[in-house]
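Beneath this line is the structure, given in structure tokens, with notes to follow.
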Amino acid sequence: MRTIETLLVANRGEIARRIFRTCRELGIATVAVYSDADAEAPFVREADQALRLGPAPSRESYLNVPAILAAAEASGADAVHPGYGFLAENAAFAEAVAEAGLVFVGPTPEAIRSMGLKREAKALVAAAGVPVIPGYDGADQDPAVLAAEAVRIGFPVLLKASAGGGGKGMKRVDGPDDLPAAIESAKREARNAFGDDVLLVEKYVERPRHVEIQIFGDTHGRVVHLHERECSLQRRHQKVIEEAPSPALAANPALRVRMGAAAVKVGRAIGYVGAGTVELILSQDGSFYFLEVNTRLQVEHPVTEEVTGLDLVREQLRVAEGHPLSLPVVEGEDEGASPAPLTGWALEARLYAEDPDGGFLPQSGTLTDFALPALAGVRVDTGVEAGSEVSIHYDPMLAKVVARGADREEARRRLLNALRRMSVAGVTTNRAFLVRALRHPAFVAGDLHTHFFEEHLSAPPATRPVDPRAAFAAVLVGVRERALARAAAELPAGVPSGYRNQPSQKQHAELELDGTPVHVRYQHQVRRPGTFDVEVGDAALVVRVVTQTADSVVLEAEGHRRGYRARRTGPAELHVQVSGRALTFREVPRFPEPGARAVAGGCLAPMPGRVVSVAVAVGDRVTAGKTLVVLEAMKMEHTVTAPEDGVAAAVHVAAGDQVDADQLLVTVDASAE
Amino acid sequence: MVATRAVPRLRSRVDVRSEAFTANREAALASLASLATLRVKANAGGGEKYVARHKKRGKLLPRERIELLLDRDAPFLEIGGLAGHDVKGETTGTSVVGGVGVVSGTECLVVASEATVKGGAVTPMSLAKSSRLADIAEQNRLVGVSLIESAGADLPKQDQIFVKGGAGFRSLTQRSAARVPTVCLVFGSSTAGGAYLPGMSDYVVMVKEQAQVYLAGPPLVKMATGEVTDHESLGGAAMHASVSGVSDYLAEDERDAIRLGRQIVAHLEIDKAGPAPGPVEEPVLDAEELLGIASADVKVPFDPREVIGRIVDGSRFSEFKALYGKTIVCGWARIHGYPVGILANHGTLFSESANKGAQFIHLCNQRSIPLVFLQNTTGFMVGAKYEAEGIIKNGAKLINAVSNSTVPAVTIMTGASFGAGNYGMSGRAYAPRFLFTWPNHRIAVMGGKQLAGVLDIIQRAAAAKKGIEVDEQKLGVMKAMTEQTIDKQSTALYATARLWDDGIIDPRDTRTVLALSLSAAHHAPVEGTMDFGVFRH
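Protein chains in written order, with numbering that gives the first Met the number 0: chain A, 0 to 672; chain E, 0 to 536.
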């Protein structure tokens, strides 16, 4: 038995905060480690001690094992929790921690190693009698061999990085012609992400569900399962919405027992200790295949906590100290029975800083607003707050919004309501996308599969005409600011806004919403204080301002009263939110700065990142769509292509350059012969 | 605040259901509606054809330029908006638009040429309006911003313009000497005398390929010296900005010029010389009722306290000498936080009223408190008794006090303004900083009926002297015509068209207009005097 008194979390953001929370409850002192990018982050502030690891890039900070061990020593920590991601499934790290005389909160290095290499994992699992998906996991990585295996397995197939997880290095291939390019690309991504380009090929199951079983083992030889989670809603192989239980298993308890038994079997086979997850593919016909074991606490562990009432981090720490699991032993644990109760339903939505309408490109910037009302049955795990920087260096997940309910529908409504009521500004998020998903009839019906988004939500949301009241709510933010400025400047502040003893025209406000101009004209009614005649585009209405504060306004028009969150989020940016719809208006300056005109034919960086390669030289003839520059950002490659036919007039960057969003990369002269 | 709370609120005795109230209100609304029509006409400048031509050239209209120049949502107090209306040879509003507005946080006197009216040429009435606007800038120490595009003098009327027009340039440089700068933005031609507008201004911005400033245009130059030249090289913005130095800034376009103008005002960093206003309390009495309170027929008096209670902070009024000289109501109040001394008529002025008013003005000067006159007077009382008690010397005291007072004064014409009452209550000639009029206002040396009556007596006396019969029909026509003429010439509209005031306002806006006037007036020091002319006791 070892006692953990001080725990270092070798991670960042929400998971660090999540672990600290349990530590506080258990009376364990907390140690945060951080990179320069996170120096001001809430998780750093909340820890009892915080130690700097190094610069922002993960390699130099959160993946920097010597620095983490030095921090553990300096802080007097006696245990290390790796969280998820980064070093969580790095056997060498687990070993190094143990060698330093510290407790590693996680499975043994052997278990990590055996499950980390997918080929070995599959063989081991198959040997234990758990079904595995048909595939090739050979050591011969010759592309020709991989291609032949793909043909043997039968298309479509999936290429995966053997050392990977989380979707990186994964490619679906539908036919032999696409194989060479896909193999090359998958290998490159695998190499970049994991330093290992070994690929495996496997059968691609159509419309599969992703169901995973939470397992837990202790040092006393007991391995149990804590029911399943369904994580079928994924985009780019990343989970977006998760739930427990799975609608498929809730309708088929016998299947749950079989899958639970399989997962426990896998855990036993590798002598699993601590929290782990056995990921399985569930086909529409009810057959399931082993996918992989994640030897860590999962991102989506809260849904399990919400339906079992357990604190998984607490269990992890108990097990790490050598205690047996706190759950009473039930009969048939090896045959699929779970010792944990299963009550109600829980849903989790991952709020990402990404652009769902722009290929889910990760977004970075300053969160100018981040406010979540306290709601019954809603839990929010987040690592950010208003004012936080969302950097390009790490995963763009902002928060996990988790809702619990007596049944799935109650949980769904609560989650939907929470997402709608939260206010996020400054960075584009997938919030509206999450709302669309949660409202989709197929989701409501529980009819899920891993291509749900492609099937149901690939069409961009129908563009709704701008709500004139929302636009005016944005304008009112400026109206209020200017009234305060007048009062400060000894100008009569109580005089009606925009008073004219000889009125000739309305006040103008020029806004832009997603690049579309929004013209607002308004005139304060002199004899009805707070009432404005408003024109937004062709719409005319009379609006009464019921109340207004620095970040909200209640408007009444045609007898309809409604509250808007409306506030300034930048020097020329106004954010309005109503009913889960967030609108970010740009204020068009009244007087354009001379010389501030956009460069014609300019190709801009879609996001901050590093230039991987430049595929064009000055004077080259280019056709529309030709690749000009490849950027790497947020660990993904992005291609910048020529907007039109022409000649590369100027190339402004070189490979290796770090670029900002909207930085000019290449100028294409379309008029050139 | 404590001191303010000690001041009691006025109570209203107005019966809003009375016939008189309803009739007054209906008459006022009808007047305001017809005024609104005239304002639309004034805003239209030179009319559709010329506006279209102007816009086709990609130019902004004067009111669009002003609106862009002004801080968004900030108030603009236009001066002489209906000047020139129904005046022969003039256009409603004249060829200049002007007023007090906020530019980059500073109240400025803004003047814009109305280029759609005779090419912005100066007419006698627009000269008078420009002169009035210059006075406002000078008296209140307001930075001037001129938006120029003018063809120069309306040549057929040069006899009424040329000589006195020079005063405008003198005013510009005198204000400059007094550290009240003028910023001149030139949008179009500004020739001959007009060239001295930028010439005399402290800061000049010209719009590229649009501003043309020269003493003589190409045709006149050719006539005078034989030199053949073109507009751009003779007086284009680029030449003036880079060669002659007449322009300090070269603007890319009109918006850029306005941006530069705002930038210049911002860096002037003007502070107000007068004291800052205190906290503001809205009146408890309803300003809407002013329409029913002000008599449509100025012969019917109304209690000015009903007006005061609807325009001052918290409807609080600290009345002075309430039991003495009751036909003038005097007392202190605040308007949008500015302390003011109010003098308001309640009928004919008697000796006591005049003495009370003079004393009150004296007190306000002693304490440097601005004055507000609510003028509604049929003049000083006449008759043997009143002459004997010295109504002349007592009236003279009031006029003496008004004339020599140095605190800012704002006059509102709330009804009648007849005879020397106009003078004693700070009429136009007594240089109140601002003077605005309610639509029911009537102004003349005396009422039409009175004048006709006087005419009747004189005619009959003359006939009697000559021993002839009075031609009753002829006298009747004569009297009717006189009465009609006087009545026509004594209307608010007639007065405003001739710049006897700064504009007709909606009575319900009085508090706002007073606040803007007082705020502008506070750019100059607010200092009373104890130096008055000799009072005849």
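Each residue gets a CB set at the ideal place from its N, CA and C atoms; glycine is no exception. Keep in mind it's a predicted model, so treat the numbers as computed, not measured.
Closest by C-alpha distance to residue i, when choosing among the options
i	options	result
residue 109 of chain E	E:83, E:56, E:66	E:66
residue 178 of chain E	E:267, E:460, E:34, E:112	E:267
residue 526 of chain E	E:366, E:371, E:15	E:366
residue 77 of chain A	A:29, A:517, A:120, A:649	A:29
residue 95 of chain A	A:105, A:65, A:589	A:65
residue 210 of chain A	A:180, A:34, A:280	A:280
residue 265 of chain E	E:509, E:144, E:105, E:349	E:105
residue 270 of chain A	A:465, A:492, A:114	A:114
residue 75 of chain E	A:491, A:576, A:263	A:491
residue 552 of chain E	E:93, E:91, E:111, E:90	Past the edges of chain E, shown from 0 to 536, lies residue 552 of chain E, and the structure says nothing about it.
residue 676 of chain A	A:659, A:390, A:262, A:504	With chain A covering 0 to 672 only, the question about residue 676 of chain A has no answer from this structure.
Extent of the continuous alpha helix (DSSP H) to which residue i belongs
i	result
residue 281 of chain A	Segment 273-281 is the beta strand (DSSP E) holding residue 281 of chain A; no alpha helix (DSSP H) there.
residue 68 of chain A	64-74
residue 76 of chain E	Premise fails: residue 76 of chain E lies in the beta strand (DSSP E), 75-77, not in any alpha helix (DSSP H).
residue 163 of chain E	161-176
residue 114 of chain A	108-115
residue 449 of chain E	447-465
residue 53 of chain E	47-55
residue 504 of chain A	Here residue 504 of chain A belongs to no alpha helix (DSSP H), and DSSP marks it neither H nor E.
Rounded separation between residue i and residue j - CA only
i	j	result
residue 13 of chain E	residue 44 of chain E	41 Å
residue 558 of chain E	residue 447 of chain E	Outside the shown range of chain E, which is 0 to 536, sits residue 558 of chain E, and nothing can be said about it.
residue 669 of chain A	residue 644 of chain A	6 Å
residue 451 of chain A	residue 433 of chain A	12 Å
residue 260 of chain A	residue 336 of chain A	7 Å
residue 597 of chain A	residue 254 of chain E	Annotation note: pLDDT 45 at residue 597 of chain A (below 50); position unreliable, coordinate value reported separately. Roughly 19 Å between the two C-alpha positions.
residue 568 of chain A	residue 574 of chain A	6 Å
residue 638 of chain A	residue 623 of chain A	13 Å
residue 144 of chain A	residue 150 of chain A	10 Å
residue 510 of chain A	residue 608 of chain A	29 Å
residue 404 of chain A	residue 334 of chain E	59 Å
residue 58 of chain E	residue 130 of chain E	26 Å
residue 221 of chain A	residue 563 of chain A	54 Å
residue 657 of chain A	residue 254 of chain A	51 Å
residue 38 of chain A	residue 83 of chain A	20 Å
residue 594 of chain A	residue 251 of chain E	Residue confidence for residue 594 of chain A is low, a pLDDT of 46 falling below 50, so the modelled location carries little weight and cannot support an answer.
residue 157 of chain E	residue 323 of chain E	53 Å
residue 4 of chain A	residue 73 of chain A	15 Å
residue 319 of chain E	residue 330 of chain E	5 Å
Residue i - partner residues in DSSP beta bridges
i	result
residue 331 of chain E	E:317, E:340
residue 626 of chain A	A:640
residue 532 of chain A	A:522, A:541
residue 215 of chain A	A:223, A:274
residue 380 of chain A	A:399
residue 516 of chain A	A:511
residue 561 of chain A	A:554
residue 411 of chain E	E:373, E:435
residue 183 of chain E	E:145, E:203
Beta strand (DSSP E) segment containing residue i, residue limits
i	result
residue 80 of chain A	78-80
residue 315 of chain A	First-last for residue 315 of chain A: 311-319, but that is the alpha helix (DSSP H), not the beta strand (DSSP E).
> Given 8 Å as the limit, is there contact between the stretch 260-279 of chain E and the stretch 219-227 of chain E, that is, 3 or more CB pairs closer than that?
Replying inline: no
> Is it true that the stretch 420-433 of chain E meets the stretch 455-464 of chain E, where meeting means three or more beta-carbon pairs spaced less than 8 Å apart?
Replying inline: no
> Hey, is the stretch 238-253 of chain A in contact with the stretch 311-331 of chain A, meaning 3+ C-beta pairs nearer than 8 Å?
Replying inline: no
> Do three or more CB pairs link the stretch 499-511 of chain E to the stretch 487-505 of chain A at distances below 8 Å?
Replying inline: yes
> On the three-pair Cβ rule with 8 Å, is the stretch 85-96 of chain E touching the stretch 121-128 of chain E?
Replying inline: yes
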